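K.L.:
Pasting a structure here, questions to come.
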Amino acid sequence: MEKKIGIIGSGQVAIALANGFVKHGYDIMVGTNDPEKYADIQNKTSASMKVGSFEEVAKFSDLLVLAVKGTGAEEAVQRAGIENLRNKTVLDTTNPIKEVPPSNGVLHFFTTLDESLMERLQKLAPDVNFVKCFSCVGNVFMVDPNFGGTKPSMFICGNNDDAKARTKHLLDEIGWETEDMGKVEAARAIEPLCILWCIPGMIRGQWMHAFKLLKLY
Ligand SMILES: NC(=O)c1ccc[n+]([C@@H]2O[C@H](COP(=O)([O-])OP(=O)(O)OC[C@H]3O[C@@H](n4cnc5c(N)ncnc54)[C@H](OP(=O)(O)O)[C@@H]3O)[C@@H](O)[C@H]2O)c1
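Oh and the sequence shown: position 195 is 259 in the numbering used here, straight run, nothing missing.
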């Protein structure tokens with residue numbers, strides 16, 4: 065399998081994943097809408113890494129990560145070009161965080177428990193194989209999370225089994241235990257884990273944690 069990943073987005077998540085994936089031998093292209101950010105992105109990543117527009121990133125690889133602000137996720141998919149993403153695997157890191165202050169550390173979402181952001185993206189681009197991934201952990205833990213020998217759980221979901229198998233392969237490589245929660249509707253349950261993950265940080269300044277599913281099967 066070709067080791068190439070395109071990352072649509074240039075924020076903390078995009079940079080953390082880009083630098084982490086490079087350590088695992090991947091060829092990476094990071095994307096921004098803003099050409100004025102190219103030099104800054106290049107400074108934060110390795111010299112071998114490519115920087116381009118969302119559209120160029122979408123064409124770069126058939127394995128992509130969507131790492132943009134939740135409120136801009138649908139626009140980002142459109143800017144990348146739905147045709148450029150057709151039949152490709154897109155790991156969706158986004159959370160539908162509303163731009164209002166949290167209530168006692170609890171973030172507000174602009175979606176409901178009956179419709180997640182990933183379902184909106186899937187409706188917008190039905191032929192794209194979205195897989196929810198990386199949405200409920202801080203960016204510092206996304207690649208090679210170190211919890212003293214315990215592998216944390218990454219909850220994923222999506223409609224395409226091959227895309228999820230590819231995601232699991234990547235997650236195995238970078239130190240995660242994959243928990244497949246089913247089809248796209250499961251994003252209604254996975255996305256709100258971001259709210260839970262953030263609470264200790266918001267109310268006590270504790271951000272160094274990840275979820276683990278304990279099982280007797
Ligand atoms: N920060 C974390 O640790 C963390 C952890 C888990 C999940 N997440 C989720 O991951 C996503 C990325 O988070 P982040 O912290 O890296 O950065 P962010 O500030 O949420 O997003 C930055 C990116 O969003 C793009 N963007 C903003 N508004 C847009 C719009 N209207 N249309 C298209 N693109 C737009 C920006 O494009 P330009 O490059 O053109 O400026 C930039 O690339 C978010 O959805 C967040 O909820 C974050």
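Yeah, the Cβ is synthetic: ideal placement off N, Cα and C, and Gly gets one too.
Only a predicted model underlies this, so the values are computations on that prediction, with no experimental measurement involved.
Can you name the start and end residues of the alpha helix (DSSP H) that G84 belongs to?
P.N.:
Looking at the DSSP string, the run of the alpha helix (DSSP H) that includes G84 is 76–87.
K.L.:
Using a Cβ-Cβ cutoff of less than 6 Å, which residues in the same chain neighbour A250 once the five nearest sequence positions on both sides are dropped?
P.N.:
Excluding positions up to five away in sequence, the list reads C221.
K.L.:
Per the DSSP calculation, N193 is bridged to which residue(s)?
P.N.:
For N193, which the question treats as bridged, DSSP gives the partners T153.
K.L.:
Residues bridged to E241 by DSSP?
P.N.:
According to DSSP, which records beta bridges pairwise, E241 is partnered with S217.
K.L.:
With T153 and L177 assumed to form a contact (beta carbons below 8 Å), what rounded beta-carbon distance in angstroms separates them?
P.N.:
No, T153 and L177 are not in contact; Cβ-Cβ is about 26 Å, not under 8 Å.
K.L.:
Can you name the start and end residues of the alpha helix (DSSP H) that D104 belongs to?
P.N.:
Run containing D104: 102–108, per the alpha helix (DSSP H) assignment.
K.L.:
To the nearest angstrom, how far is the alpha carbon of K67 from that of E138?
P.N.:
Using only the alpha carbons, I get a separation of about 27 Å.
K.L.:
Please report how far the alpha carbon of V170 lies from the alpha carbon of C200, in whole angstroms.
P.N.:
Going by the C-alpha atoms only, they are around 14 Å apart.
K.L.:
Can you grab the Cα-Cα spacing for the pair P99 / Q106, in whole Å?
P.N.:
Each residue's alpha carbon lies about 12 Å from the other.
K.L.:
Since I believe T214 is in contact with K279 (beta carbons under 8 Å), could you give me their beta-carbon distance rounded to a whole number of angstroms?
P.N.:
Wrong, their Cβ atoms sit about 13 Å apart, outside the cutoff.
K.L.:
Assuming L130 and A140 form a contact by the criterion Cβ under 8 Å, report the distance between their Cβ atoms to the nearest whole angstrom.
P.N.:
Indeed, because the Cβ distance is near 7 Å, the residues count as touching under 8 Å.
K.L.:
May I ask which residues mark the beginning and end of the alpha helix (DSSP H) holding G95?
P.N.:
Counting along the chain, G95 falls outside any alpha helix (DSSP H), though it belongs to the beta strand (DSSP E) covering 91–95.
K.L.:
State yes or no: is the C-beta of I92 within less than 8 Å of the C-beta of M113?
P.N.:
For I92 and M113, yes; Cβs fall inside 8 Å.
K.L.:
Rounded to whole angstroms, what is the Cα-Cα separation between Q270 and V195?
P.N.:
The straight-line gap from Cα to Cα measures roughly 28 Å.
K.L.:
Could you pull out every residue in the same chain whose Cβ sits closer than 7 Å to the Cβ of R184, ignoring the five residues on either side in sequence?
P.N.:
Around R184: E138.
K.L.:
How long is the line joining the alpha carbons of I267 and I259, rounded to whole angstroms?
P.N.:
Their backbone Cα atoms lie some 12 Å apart in a straight line.
K.L.:
Which of helix, strand or coil does DSSP assign to T231?
P.N.:
Three-state DSSP puts T231 in a helix.
K.L.:
Are the Cβ atoms of F174 and K162 separated by less than 8 Å?
P.N.:
Taking 8 Å as the Cβ cut-off, F174 and K162 qualify as a contacting pair.
K.L.:
Return the residue from the list V86, A78, G84 that minimises the CA-CA distance to V94.
P.N.:
Ranking the options by Cα distance to V94, first place goes to A78.
K.L.:
Buried or exposed: where does V132 fall if 16 or more other Cβ atoms within 10 Å of its Cβ makes it buried?
P.N.:
The residue is buried, with at least 16 neighbouring Cβ atoms inside 10 Å.
K.L.:
Please go through the same chain and pick out, in chain order, the residues whose beta-carbon is closer than 6 Å to the beta-carbon of F205, but skip the five residues on each side of it.
P.N.:
Result list for F205: A274, in chain order.
K.L.:
When you measure from the CB of T175 to every non-hydrogen atom of ligand 1, does any distance come out below 7 Å?
P.N.:
Checking every heavy atom of ligand 1 against the Cβ of T175, none is found closer than 7 Å.
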